[in-house]
Every structure is written in structure tokens, then in C-alpha cells.
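Encoded as C-alpha cells, the structure appears first; notes follow it.
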């Protein structure tokens, strides 16, 4: 079937809704110019084509922005690059998780790991955290449905992480 | 409706139906309708779907619009009373067609339930399988909201000749891998037309 209608479907109301996000992100020192927004939308088209997905309505980018705008690891310098990479990762894992997970659940999971496990490293988020989570979902794991995607990685993580309380105790003992 | 292959509506099928129903619209007119259906499909919890799913939903919209436009014999279709094919009227046509598709399922199921208690298969395993196994599975799996176009019931029963030459445009043939389109008329057709064929087949087998 002719795919042109799919392009039309995903180009509705995108630019204006993206520019509107500035109202919510300015307090975190983040803002998009119209040129930035166009670049994000251009990359979004590529990502969707790559993943063979079609988007409708406002799309995922505003949601990504609102989810990640308070991150400790995103500032005005890397803002646009981060949004572009995050949307690529998002579409990739919607497919990898076979659409079993909702947008919000996936975004919550991504944000939590981005902050607490990856410390802003998107390669680690994509190649490790989401890969493990995706594998679990494909195998039938459904625990995220009750938690909205939050607090899930600890159950699946194969690596022993920092115990912050122990660390602070040890640090306190030193002084 | 008779369809070939995997039962999906192709662009050629659409053109053919457009011609038959005198419908003229552009694909972009359908975009808002598909968008709304996609939102409903994802329960407003996802902003994107795969190409495959988007195609399925577009086919569902096309099916319903044409279902409405074709109408029932002697009944004026909703499309006929609409002045043009603007987005609004196409939306109305889609909704009317979707309602018609749902009604068809209801009627077919009611007829199936009516036939079932008095059904005698006289040892014909194929007939028994159709009614006892294949039709219940079909009714259970048929998705009238998001895939009404997948209305094909494929039967394994070998037929020596065409017994339903375009009966109301609903049943064309039944062959080794032929497709029997279910709905009220085809169930009625089964009762009136297909049963004698089974009988004939049983006699022929007994003679052999």
C-alpha cells in the first residue's frame, strides 16, 4: 500500500506542540528555537522510518521533553542532541518490546535508569538497561504494569550497584 | 464479500470498489479517521504504531466506508444521502459502516445459534468441523472494530464445482483452499444451498 498517507498522518500539529514545550522547560534552563524543533522533527521522521512506525497526534517528543527536562544530566548545550537520541531509543524499544508497554511506562523506566543507573549515559541506557528490560518483556514479564514502569530495573539488574546508605555510613566513619 | 489470497484489501480492490460505489476521496481525507481509530486501538496509551498495524487500521476504515456505501439491497446507504466526501461526511460514513459491520456480526451469530440446535451432520466430518470447530473459532477471533476486513473463513472442504456463483456478491466459490465469506446471507446460503451439496457428496462417497 502507498505509504504517503503515513507521512501525512505523522506531520500533523508537530511544530507548534514542540515549541509550546518551552513554556514548561524554561524554568530548567532549557529552550528550543524553531530551528532546533525542525531538526528534532526531521530526525524523528528518520527514526520512525528506520523503525517502520507511524505516529499520530502530538507524537512522543513533547512527552520525552516533559519527562526529561528536570534531569541532572541535560542542559541547554546537549538538550537537542539528547532529545534526538532519546526519541530514537524510544521508538527502537517500542518495537523491541512488541508494543506491550505503554508510552508512559517506557518513558518512566527510561528516565529512572537515565538518572539513577546510567548517570546520563544514553549508550548504557540503550545497550544494557533497556536491552535487559526488553528481553524480560518479550519473555512475558508484566510486573511493570502495576508500577507504571518505576522501580523495575532492580528486579532485573545483573550488576551489583552502589549501596548509597553504606557508602554514606563509611564516609561518615572516615570523618 | 469475496476476497482472494490472504483476505487483505489491496489498492486494486479499493479502486474497484470506488468505481462500483461511485466514491471519490483522497487518502489524506482518511488520515484523521485512521488517527482516531489508532488512538482507540492503543487506548490512548501509545502515540505510535507499526506500519503493519497502521495498514490494518487503514483497511478497516476503507472496509467500513465501502460497507456503508454499498448498503443493503433496497436500502439507501448513508453515503448516498451525504452531499460530498469532506472529512466530516467520510467520518459519518465510516461510523455508519462500522455500525453496519457490527450488526452483521450480531445477525450472523444469531443465525448460527439458530441453526446449531437442529443441525444434523449425518456423519459428514467436514460439515461437523465447519459448524462445531471452525465457525466458533472464527466468531471468537473476528475483530469487528479494528480488523473487520478479515472476514474470510477458509475451509478445507474440497468442492467439485462452484455452488454459489456470486450469490448476492457474497459467496463465490468454495474450493480446496477456497474462502467462504460468512455473514447473514452466507449462513442463509449455507442452509439453502450448501447443505444439498454436502448431501450429494455423502451419497457419492457412499456409492464409491
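Chains as they are written, first to last, in the working numbering: chain A, 49 to 223; chain B, -8 to 199.
Beta carbons: idealized from backbone N, C-alpha and C, even for Gly.
This structure is a prediction, so every number in the text was calculated from the model and none was measured.
Between the stretch 121 to 135 of chain A and the stretch 77 to 97 of chain A there are three or more C-beta pairs closer than 8 Å, enough to call the two in contact. The Cβ of residue 200 (chain A) sits no closer than 8 Å to any Cβ of chain B. Taking a Cβ-Cβ cut-off of 8 Å, residue 85 (chain B) has no neighbours in chain A, whose nearest Cβ is about 15 Å from it. Excluding its 5 nearest sequence neighbours in each direction, residue 111 (chain A) has C-beta neighbours in its own chain below 7 Å: 151 and 155, listed in chain order.
When C-beta atoms of the stretch 123 to 140 of chain A are compared with those of the stretch 184 to 194 of chain A, fewer than three pairs fall below 8 Å, so the two segments do not count as touching. In this structure, DSSP gives residue 86 (chain A) a helical state, which the three-state scheme calls helix.
The residue among A:205, A:199 and A:66 with its C-alpha nearest the C-alpha of residue 176 (chain A) is A:205.
Taking a C-beta distance under 8 Å as the contact criterion, residue 52 (chain B) and residue 25 (chain B) qualify as a contact pair. In this structure, the beta-carbon distance from residue 146 (chain A) to residue 95 (chain A) does not fall below 8 Å. Chain-order list of chain A residues neighbouring residue 16 (chain B): empty, with the shortest C-beta distance near 12 Å, by a criterion of under 9 Å. Per DSSP, residue 207 (chain A) lies in no beta strand (DSSP E) segment and is marked neither H nor E. Here the alpha carbon of residue 29 (chain B) sits roughly 49 Å from the alpha carbon of residue 214 (chain A). Within the stretch 138 to 149 of chain A, the residues whose Cβ lies closer than 8 Å to some Cβ of chain B are 139, 142, 143 and 147, listed in chain order. Residue 38 (chain B) sits away from residue 148 (chain A), with the two beta carbons spaced by 8 Å or more. Per DSSP, residue 108 (chain A) has no beta-bridge partner at all. Less than 8 Å separates the beta-carbon of residue 59 (chain B) from that of residue 91 (chain B). Under the DSSP assignment, residue 64 (chain A) falls outside any beta strand (DSSP E), being part of the alpha helix (DSSP H) whose first and last residues are 62 to 68. Excluding five sequence positions before and after residue 159 (chain A), the CB atoms of its chain that fall closer than 8 Å to its own CB belong to 115, 116 and 119, given in chain order.
When C-beta distances to chain B are compared with 8 Å, the residues of the stretch 84 to 104 of chain A below that value are 96, 100, 101, 102, 103 and 104, in chain order.
With a contact defined as Cβ atoms closer than 8 Å, residue 22 (chain B) and residue 101 (chain A) miss out at about 16 Å. Linking residue 66 (chain A) to residue 208 (chain A) through their CA atoms gives a straight-line distance of about 39 Å. In this structure, A:105 is the residue among A:93, A:105 and A:91 with its C-alpha nearest to the C-alpha of residue 33 (chain B). Contact between residue 137 (chain B) and residue 47 (chain B) is confirmed by a C-beta separation of about 7 Å, below the 8 Å threshold.
Using a Cβ distance threshold of 8 Å, residue 132 (chain A) and residue 88 (chain A) count as a contacting pair. For the 8 Å CB-CB criterion, residue 191 (chain A) and residue 203 (chain A) form a contact. Chain order gives the chain B residues near residue 151 (chain A) as 36, 37 and 38, where near means a beta carbon separation below 7 Å. Annotated as proximal: residue 109 (chain A) and residue 92 (chain A), with beta-carbon spacing under 8 Å. Taking the C-beta atoms as reference points, residue 81 (chain B) is found nearer than 8 Å to residue 16 (chain B).
For residue 108 (chain A), the chain B residues whose C-beta falls within less than 7 Å of its own C-beta are 38 and 39, listed in chain order.
Against chain A, a Cβ distance below 9 Å from residue 29 (chain B) picks out 57, 102, 104 and 105.
Residue environment: residue 82 (chain A) is assigned as exposed (fewer than 16 neighbouring CB atoms within 10 Å of its CB, all protein chains considered). Just so you know, the alpha carbons of residue 54 (chain B) and residue 89 (chain B) end up roughly 9 Å apart. Contact annotation, residue 130 (chain B) with residue 100 (chain B): C-beta distance approximately 6 Å; criterion of less than 8 Å satisfied. In the three-state scheme derived from DSSP, where H, G and I count as helix and E and B as strand, residue 185 (chain A) is classed as helix.
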